[in-house]
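A short worksheet on the structure shown next.
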Amino acid sequence: MGVRISPPVLREKKMTIIGYIKESFTELKNNVTWPSWAEGQRLMVVVATFSMLFSLAIWGVDTVFGELIKLYYANFS
1 MGVRISPPVL REKKMTIIGY IKESFTELKN NVTWPSWAEG QRLMVVVATF SMLFSLAIWG
61 VDTVFGELIK LYYANFS
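Heads up, the sequence shown stops at 77 in the UniProt record's numbering, and the numbers go up one at a time, no gaps.
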């Protein structure tokens, strides 16, 4: 047994989704302040740099914990 949704409700739901998408694009076009091209490039470099540093930090912690786990199991197994 399922719940049957009448066609007008489905059509109304579809129209609200389409309206939402249209309103979203309008807001992105008219109300959002976008950074300049130069600022976007500068921010991209900052994000890429911190992403690399963060990934190296995670790799380092993972390596240390991996070695500690190996040492633990080698001594206590």
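Where a beta carbon is used, it is the ideal one built from N, C-alpha and C, also for glycine.
- No Cβ-Cβ contact shorter than 8 Å links Pro-35 with Leu-28.
- When secondary structure is reduced to three states using DSSP, Val-32 falls in the coil class, being assigned neither helix nor strand.
- Ser-55: member of the alpha helix (DSSP H) spanning 37 to 76, first to last residue.
- Straight-line measurement puts the Cα of Trp-59 at about 21 Å from the Cα of Tyr-73.
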